[in-house]
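Residue numbers (this note's numbering): 59 to 389.
Using N, Cα and C, we set each Cβ at its ideal position, and we do this for glycine too.
Please read all numbers here as calculations on a predicted model, not as lab measurements.
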Amino acid sequence: MNETHLVTIDRHIIDEERRFPDARGAFSNILTDMALAAKVISREVNMAGLLDIVGQAGHRNVQGEQVQKLDVFAQNVIYRAMDHNGHLACMASEEVEDIIPIPEKFPTGDYVLVFDPLDGSSNIDVNVSIGTIFGLYRKVSGQARGTLEDCLQSGVRQIAAGYVVYGSSTMMVYTAGAGVHGFTLDPSIGEFILSHPDIRVPEAEITLYSTNEAYYHRWTPGVRAFVDGLRTREDCSARYVGSLVTDVHRTLLRGGIFFYPRDSRSPDGKLRLVYEANPLAMIMEQAGGRASHGAGRVLELTPTSLHQRTPLFIGSARLVEEVEACLAGES
Ligand code: AHG
Ligand code: MN
Ligand code: MN
């Protein structure tokens with residue numbers, strides 16, 4: 059007889075919340091609303107090719123990058139799932155320059171949500187996996203509607219983090235500080251079902267590295283030396299999708315290292331600290347891995363602006379330590 063229990067994400071989140079004695083349902087409601095938004099975005103991502111909604115929306119986001127229609131759609135879905143639940147003081151997103159206030163007509167709460175609504179957007183119109191990333195903090199400002207200070211907390215203060223990958227199936231992975239759990243969307247019943255309980259980054263049998271190696275000549279000597287060293291190993295192989303969520307998801311399940319270092323064109327790297335690096339760093343650490351900016355934990359950085367970038371080296375602890383050793387003295 060099959061002894062496996064069916065656990066929905068909603069049930070799992072409620073069970074997690076019991077670990078916080080003073081929690082009153084807010085935390086579980088926020089995560090449940092994120093799961094709802096993920097289902098709506100997943101449906102649209104799956105339909106994108108059919109509905110012809112892919113393509114450039116004709117304007118650029120605050121980083122000056124081309125915004126595509128699904129980015130805007132995902133932004134709106136998450137905002138509309140979250141603005142009226144009464145649990146958030148404010149939000150911040152890759153797609154919006156300043157903090158996102160909760161409309162005056164709705165009540166506010168004690169939490170702050172930061173997110174990248176659609177990550178890997180250059181892969182949308184070639185049918186390659188993309189994702190959503192989010193982090194959750196408790197408000198610190200004492201202001202009902204939150205302030206920038208609430209969104210610029212260091213990553214160690216995250217109380218939950220997660221991502222969704224829209225791949226061959228849609229998966230939502232989250233941590234609330236007690237391990238990392240993965241759920242696969244069963245589209246026939248519209249539920250995320252627990253499929254990957256207590257994920258641990260494996261010490262890979264092969265050394266798998268994931269980076270945009272076309273930038274080799276722009277890297278610092280330490281990063282080049284690290285990759286040169288990896289390539290001399292018999293067991294070494296490479297994978298690079300170009301969607302951060304997807305590359306980190308594979309690294310979480312298979313082991314290895316993903317990195318996007320600083321380089322001569324991007325002196326701070328490309329990835330954003332607040333809503334890309336920090337949530338994924340919390341997940342990787344909770345799974346037994348590490349996440350570094352090259353000279354220490356990403357989670358210990360203190361953000362000074364919403365859209366600031368950071369170099370990121372993330373994956374199995376041993377490889378992240380190796381790259382830090384190669385970079386010692388560079389920054
Ligand atoms: P976004 O689509 O949210 O702007 O993020 C893009 C990112 C990230 O997903 C990926 O790791 C990286 O850009 C790839 O950059 P390169 O094309 O320079 O390799
Ligand atoms: Mn992104
Ligand atoms: Mn994005």
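{"Asked": "heavy atom of ligand 2 below 7 angstroms from residue 177 C-beta", "Found": "yes"}
{"Asked": "Ligand 2 heavy atom lying under 7 angstroms from the CB of residue 174", "Found": "yes"}
{"Asked": "Closest Cα partner of residue 75 within the set 212, 139, 218", "Found": "218"}
{"Asked": "Secondary structure, beta strand (DSSP E): runs of 3+ residues fully inside the region 120-166", "Found": "124-126, 146-151"}
{"Asked": "Alpha-carbon spacing of residue 293 relative to residue 197, whole angstroms", "Found": "46 angstroms"}
{"Asked": "Closer than 7 angstroms: residue 102 CB and nearest ligand 3 heavy atom", "Found": "no"}
{"Asked": "Where the alpha helix (DSSP H) containing residue 219 begins and where it ends", "Found": "Where residue 219 is concerned, there is no enclosing alpha helix (DSSP H), although the beta strand (DSSP E) it sits in stretches over 218-224."}
{"Asked": "DSSP-derived helix/strand/coil call for residue 279", "Found": "helix"}
{"Asked": "Three or more C-beta pairs below 8 angstroms linking the region 158-165 and the region 301-318", "Found": "no"}
{"Asked": "Residue 364 CB to nearest heavy atom of ligand 2 below 7 angstroms", "Found": "no"}
{"Asked": "Inter-stretch contact (C-beta, 8 angstroms, three-pair minimum) for the region 176-191 and the region 143-150", "Found": "no"}
{"Asked": "Under 8 angstroms between C-beta atoms of residue 88 and residue 194", "Found": "yes"}
{"Asked": "Distance CB(residue 356)-CB(residue 363) smaller than 8 angstroms", "Found": "no"}
{"Asked": "Own chain partners of residue 94 with C-beta closer than 8 angstroms, once the 5 adjacent residues on each side are dropped", "Found": "139"}
{"Asked": "Limits of the unbroken beta strand (DSSP E) element including residue 175", "Found": "169-177"}
{"Asked": "Three-pair Cβ contact test at 8 angstroms for the region 276-289 versus the region 223-230", "Found": "no"}
{"Asked": "Outcome for residue 307 when other beta-carbon atoms lying within 10 angstroms are tallied against a minimum of 16", "Found": "buried"}
{"Asked": "Reference residue 284; option with closest CA among 253, 376, 78", "Found": "376"}
{"Asked": "Sub-8 angstroms separation of residue 190 and residue 221 beta-carbons", "Found": "yes"}
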